[in-house]
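Trainee: Structure provided below as structure tokens; questions to follow.
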């Protein structure tokens, strides 16, 4: 994980952009951009005005990719992606308070079902421009708060990062991300094949 973050840091502004795209689309990287911003801004808080918007932009692009897939599948595709109980709940929430649900999903930390909410919004034909605008603004708010926390408690963050407990936590986090990403990609491939087979028939 340390090597991964060092690689992203060397990429400059592309680091949070690419990580945001991956984290908000099909890969499983909880707190990925939050951690990257903390590491970068704890070292140099002058980068705040550049890196925070770039992280928000990356997340928005990732949502656009997710939206492109889910919107095409519609409600039938969403049913295959979610458990019936979650599908029914999200359909009701989207009909009543779609904008609020999307905004909360963008700010709330895991295990809040960010991907499920975005997928449902796209499947139920929530306006794409409005969806992307909400995602960008609310992710900007979230990453700004994370960045400010990194600036205020930067030295403490560095001390924590150097502790053995943090190292083992990152090992567990890396394994979790690898397993979660594999499951996510495999499930998306299976669902896309399942959605395509009826049309072929």
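Numbering (the numbering used here), first residue to last: 93 to 293.
In this text, a Cβ means the ideal position worked out from N, Cα and C, and glycines have one as well.
In this text the structure is predicted, and so the values were computed from the model without any measurement.
(1) Whole-angstrom Cβ separation of residue 243 and residue 137, contact assumed at under 8 angstroms?
(2) Would residue 117 and residue 231 be called neighbours here (beta carbons separated by less than 8 angstroms)?
(3) Can you find the residues in the same chain that come closer than 7 angstroms, C-beta to C-beta, to residue 108, ignoring five residues on each side of it along the sequence?
(4) Please confirm if the region 161-170 is in contact with the region 189-198, defined as three or more CB-CB distances below 8 angstroms between the two stretches.
(5) Is it buried or exposed, residue 206, if we count other Cβ atoms within 10 angstroms and call 16 or more buried?
(6) Less than 6 angstroms between C-beta atoms, sequence neighbours within five positions excluded: which residues of the same chain meet that for residue 228?
(7) How long is the line joining the alpha carbons of residue 222 and residue 133, rounded to whole angstroms?
(8) So, is residue 226 buried or exposed, given that buried needs 16 or more other C-beta atoms within 10 angstroms?
(9) Nearest by alpha-carbon distance to residue 159: which of 199, 99, 220 and 187 is it?
(10) If we ignore side chains and look at the alpha-carbon of each, how far apart do residue 209 and residue 181 end up?
Mentor: Reading from the atomic positions:
(1) 4 angstroms
(2) Going by beta carbons, residue 117 and residue 231 fall outside the 8 angstroms limit.
(3) 125, 128, 129, 143, 146, 147 and 150
(4) no
(5) Residue 206 should be labelled buried.
(6) 148 and 152
(7) Cα to Cα, the separation comes out at about 30 angstroms.
(8) buried
(9) 220
(10) 10 angstroms
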